[in-house]
Ligand code: UDP
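Residue numbers (my numbering): 88 to 367.
Take a look at the structure:
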């Protein structure tokens, strides 16, 4: 279907009106910097910024399983915005600037540290498998794990020693990462508990933000039901990507329910409306 939209150029010396058809054509005008499994990064409107576009693609088991979950990108964009803004309010530095439209957000360009930081409160997923523990067992204290980001290697678990020895991050970087991860866990655990969800575990990514002489470690990527395990406190029902990984059905319904409880269902409704997009 074609959608007709218009947007004023933001270039200072011209105020032409562009006509464009639908999101895809508008998007193709921007330089694509990187395409991942669930998101695309485009060049941003100003130096030092990027546009993060949320796709409906879902993948699992290192890309062996793939599906399109209609509306997932819209929900994740909104949920991640909400959580990043709440975290910024408590002083956690993030790459998030603002949401641009239903599928895109403006972010600061950072140098991604190639480590996935997983924080766990309850045994689930790979931890249950690796150590033969029963899923759902509460952990005596929160555990932070590191995985090296490499699709070819299947994101192997690594220790601080590997990370510093191979120069992926410095010991100082890791101190910052660890303390931010624990603060984020404390805050988000409380936030989700308030809406009847147990934050079982989640994955974070961090980046280096260069500002003049200074380098800051900031939270990057996204926080959404794609990267968290969220179980209903009353029923233990899974409200996250495990519904896709384990073929439990109604993936989008679960994501919608998370957004609904957070009070942030997208303005245009949960489905992908592919409406006109303002060009940047
Ligand atoms: N996770 C993620 N991306 C990954 C791997 C894990 O977002 O590439 C999240 C996952 O959704 C879960 C947490 O990190 O909330 C811990 O995942 P786990 O190590 O148990 O691996 P999985 O069982 O997902 O393979």
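All C-beta atoms in this analysis are idealised placements derived from N, C-alpha and C, irrespective of residue type, glycine included.
Can you find a heavy atom of the ligand UDP that lies under 7 Å from the Cβ of residue i?
i           : result
residue 257 : no
residue 213 : yes
residue 231 : no
residue 328 : yes
residue 316 : yes
residue 279 : no
residue 239 : no
residue 264 : no
Where do the ends of the beta strand (DSSP E) carrying residue i lie?
i           : result
residue 159 : Looking at the DSSP string, residue 159 is not in any beta strand (DSSP E); the run it does join, the alpha helix (DSSP H), is 159-176.
residue 313 : From DSSP, residue 313 is part of no beta strand (DSSP E); its letter is neither H nor E.
residue 296 : 284-298
Work out the CA separation of residue j and residue i for me, nearest whole Å.
i           : j           : result
residue 116 : residue 286 : 39 Å
residue 253 : residue 225 : 33 Å
residue 257 : residue 234 : 15 Å
residue 290 : residue 336 : 22 Å
residue 296 : residue 340 : 36 Å
residue 293 : residue 198 : 8 Å
residue 147 : residue 209 : 21 Å
residue 111 : residue 190 : With a pLDDT of 45 at residue 111, under the threshold of 50, the predicted position of this residue should be treated as unreliable, and no value is reported.
residue 325 : residue 159 : 16 Å
For the candidate residues the options, whose alpha-carbon lies nearest to that of residue i?
i           : options               : result
residue 323 : 284, 292 and 160      : 284
residue 331 : 153, 166 and 202      : 153
residue 151 : 245, 194 and 241      : 241
residue 246 : 144, 223, 318 and 203 : 203
residue 338 : 320, 313, 306 and 319 : 313
residue 244 : 232, 255 and 238      : 232
residue 236 : 119, 333, 149 and 145 : 149
Assuming residue i and residue j make a contact with CB atoms under 8 Å, what is their CB distance in whole Å?
i           : j           : result
residue 271 : residue 162 : Their Cβ separation, rounded to whole angstroms, is 20 Å, which puts residue 271 and residue 162 out of contact at 8 Å.
residue 310 : residue 167 : 5 Å
residue 194 : residue 182 : 4 Å
What are the boundary residues of the alpha helix (DSSP H) that includes residue i?
i           : result
residue 272 : 258-280
residue 251 : 247-252
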